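Colleague: Quick note: the sequence shown uses the numbering used here, first residue 141, plus one each step.
All C-beta atoms in this analysis are idealised placements derived from N, C-alpha and C, irrespective of residue type, glycine included.
This one's a predicted model, so the numbers in the text were calculated from it and none came from an experiment.
Have a look at this one before I ask anything.
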Amino acid sequence: MVTLCALTPDDAPALARIYSGASIRHTTGKPLTLDQAHEKIRTALARAVENPRAQWSWGIIATDEMIGLIALRRRSPTMGTLSYILREDTWGNGYATEAAQHVVAFASTTGGLERLEAMHHPDNPASGRVLIKTGFTRTGTCDRCTDDGTTAAYQVYTLPLPWAPLRR
141 MVTLCALTPD DAPALARIYS GASIRHTTGK PLTLDQAHEK IRTALARAVE NPRAQWSWGI
201 IATDEMIGLI ALRRRSPTMG TLSYILREDT WGNGYATEAA QHVVAFASTT GGLERLEAMH
261 HPDNPASGRV LIKTGFTRTG TCDRCTDDGT TAAYQVYTLP LPWAPLRR
């Protein structure tokens, strides 16, 4: 079982650990330093008091420790995007799916959004399985530039809201 919690400055070491190793292979590919983790948290806290609010970020908590980060970003008045990252030693336990379900429920009720989108790197099919289990539908691809200057066809998913959790 996972819970989501607001970020605090004390979360910086856990965040730096999350943004390392295989977890970042399909993101920037660069580990987050402790200073960068503190800055990421400061930015999230500043965005939490904006009005209107454009971004929500939560730590993903399992087994009494922060194992990931999940974010909801308002891209327009009615559309938001979902993103998440988990520490690699916690993969395969359903934590990302459960965290995504919590955020989708929030977006359906509190966020005032009508649709969510998400995408993942083509070499990260596990992330696509998380989105499908959460109720998203694959709608196509989007070419994105990578750090080495090439492009990759990211898989794009959409979820209309309001949303009800899938029955297992």
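#1: In its own chain, which residues sit with a C-beta less than 8 Å from the C-beta of I201, not counting the 5 before and 5 after it?
#2: Using a Cβ distance threshold of 8 Å, determine whether the segment 286 to 305 contacts the segment 261 to 272, with at least three qualifying pairs required.
#3: Looking only at its chain, what residues have a beta carbon closer than 6 Å to the beta carbon of T148, apart from the 5 residues adjacent to it on each side?
#4: Would you mind sorting A186 into buried or exposed? The rule is 16 or more other CB atoms within 10 Å of its CB.
#5: Does the beta carbon of L222 fall short of 8 Å from some heavy atom of the ligand NAD?
#6: Spatial neighbours of P171 within its chain, please: CB distance less than 7 Å, with the 5 preceding and 5 following residues excluded, ordered by chain position.
#7: For the alpha helix (DSSP H) that E179 lies in, which residues bound it at each end?
#8: Can you check which of these residues, D204, F246 and W196, is closest to L212 by C-alpha distance?
#9: Would the segment 225 to 241 and the segment 267 to 281 be scored as touching if the rule is three or more Cβ pairs under 8 Å?
#10: Enumerated in chain order, which unbroken segments of the beta strand (DSSP E) with a length of 3 residues or greater are wholly contained in the segment 263 to 290?
#11: Check for me: the beta strand (DSSP E) holding R213 runs from which residue to which?
Modeller: Looking at the coordinates:
#1: Here the question's residue 201 lines up with position 61 in the sequence shown. Cβ within range, chain order: V142, T143, L144, C145 and I207.
#2: Put simply, the segment 286 to 305 touches the segment 261 to 272. At least three CB pairs are less than 8 Å apart.
#3: For the purposes of this step, residue 148 is taken as the residue at position 8 of the sequence shown. Around T148: no qualifying Cβ.
#4: If you number the sequence shown from 1, residue 186 lands on position 46. Result: exposed.
#5: Within the structure as shown, the ligand NAD is missing, as the structure has no ligands at all.
#6: Within the sequence shown, the letter at position 31 stands for residue 171. Excluding residues up to 5 positions away in sequence, Y159, S160 and I164 lie with their Cβ nearer than 7 Å to the Cβ of P171 in the same chain.
#7: In the sequence shown, counting from the first residue as 1, residue 179 sits at position 39. Here the alpha helix (DSSP H) through E179 covers L174 to R187.
#8: For the purposes of this step, residue 212 is identified with residue 72 of the sequence shown, where counting begins at 1. Selected option, being the one with the closest Cα: W196.
#9: Verdict: yes, contact present.
#10: Complete beta strand (DSSP E) runs here, min 3: 277 to 285.
#11: Translated into positions along the sequence shown, residue 213 becomes position 73. E205 to R214 is the span of the beta strand (DSSP E), which, as asked, contains R213.
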